[in-house]
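K.L.:
The structure under discussion is supplied below as structure tokens; questions concerning it will follow.
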Amino acid sequence: MSKYLPLSISELKEATLKNFLVILSLLSTFGLLAIAVTNLPLITDWDSIILEKVHNSQSLELDQIAIALTQTARGIAITAITSLLSIGLVWRKQWRSLGYVWLVIIGSGLINFLAKLLFHRHRPDLWVSPLPQPDFSFPSGHAMLSMSLVMAIAMLIPQKHWRLIWLFTGGFWLMAIAWTRLYLGVHYPSDILGGWLLAICWSKTLLK
């Protein structure tokens, strides 16, 4: 993990409390969102309106761009990126950081799989997607894995300004992935938000 300056006991307690409150807030927000998407048809109606607006820009060229770009957040791509990152961590003998990164990524994938089975939300069916998906919709796996990777890397960066730069840069990728999932018609906006919330919550839960 990043090497922060030593904290006093009081500062450590305060930091732990803040992290706990953030995690609790994220988890509560996700819980409310999950209840809404599974019980309130109005949420799906709003989601569908946004999807239709995104789909209005549809073209063969954008289809190709979206299909290519969305591959960068597939499980195999995230695993490949994490493996490359692991080489650097092993080289620097940062074993704790190595374990953290893999726990975030593997745990994120497992949590997403179980959440989809639990909430059982079907994919959007507003048009024929050029890249149809067979499993359930909520929360988005692409959104969750990409956010998990961005958050895991951010936690490895000790300098606050570089961490913010990385989060800003990674944010463009996250938004691009979100756009591809909406454009391809395989996720609702609330699926994306749910994936992001769970990913941030999980990555912060593993912090020591």
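So the sequence shown is numbered by numbering that gives the first Met the number 0: it starts at 0 and just counts up by one. Backbone N, C-alpha and C fix where the C-beta goes; we use that ideal spot for every residue, glycine too. These figures come from a predicted structure and were not determined experimentally.
1) Just the Cα atoms here: how many angstroms apart are Ser85 and Val36?
2) Is DSSP giving Leu39 helix, strand or coil here?
3) Using only the alpha-carbon positions, how far apart do Leu31 and His121 sit?
4) Tell me the DSSP secondary structure of Trp90 in three-state form.
5) Grab the span of the alpha helix (DSSP H) containing Pro188 for me, first residue to last.
6) May I have the straight-line CA-CA distance separating Ile280 from Ala175, to the nearest angstrom?
7) Under a three-way DSSP split, which group does Asp134 fall into?
8) Grouping DSSP H, G and I as helix and E and B as strand, with all else coil, what is Gln57?
9) What first and last residue would you give for the alpha helix (DSSP H) that runs through Arg73?
10) Do you know offhand how far Ile231's Cα is from Leu192's?
11) Measuring alpha carbon to alpha carbon, tell me which residue in Met143, Tyr182, Ser58, Met154 is nearest Ala72.
12) From Ser96 to Leu102, what does the alpha carbon distance come to, in whole angstroms?
13) Along the chain, where does the alpha helix (DSSP H) containing Trp178 start, and where does it finish?
14) Whose C-beta lies closer than 7 Å to the C-beta of Ile64 among residues of the same chain, with five residues either side of it excluded?
15) Are there 16 or more other CB atoms within 10 angstroms of the CB of Arg210, so buried, or fewer, so exposed?
16) Going by the beta-carbon positions, is the gap between Ile80 and Leu148 smaller than 8 Å?
17) Return the chain-ordered list of same chain residues with a C-beta closer than 7 Å to the C-beta of Ser107, the five sequence neighbours on each side being excluded.
P.N.:
According to the structure data:
1) 37 Å
2) coil
3) 19 Å
4) helix
5) Counting along the chain, the alpha helix (DSSP H) containing Pro188 begins and ends at 188-204.
6) Examination of residue 280 is not possible in this model, given that the chain is present from 0 through 207 alone.
7) Coil at Asp134, not helix or strand.
8) coil
9) Premise fails: Arg73 is in no alpha helix (DSSP H) and is neither H nor E.
10) The requested residue 231 is not part of the displayed model; the chain covers only 0 to 207.
11) Met143
12) 10 Å
13) Element bounds for Trp178: 159-182.
14) none
15) The requested residue 210 does not occur in the structure, where the chain is confined to residues 0 to 207.
16) For Ile80 and Leu148, yes; Cβs fall inside 8 Å.
17) Hits under 7 Å: Met143, Leu144, Ser147, Ala198, Trp201.
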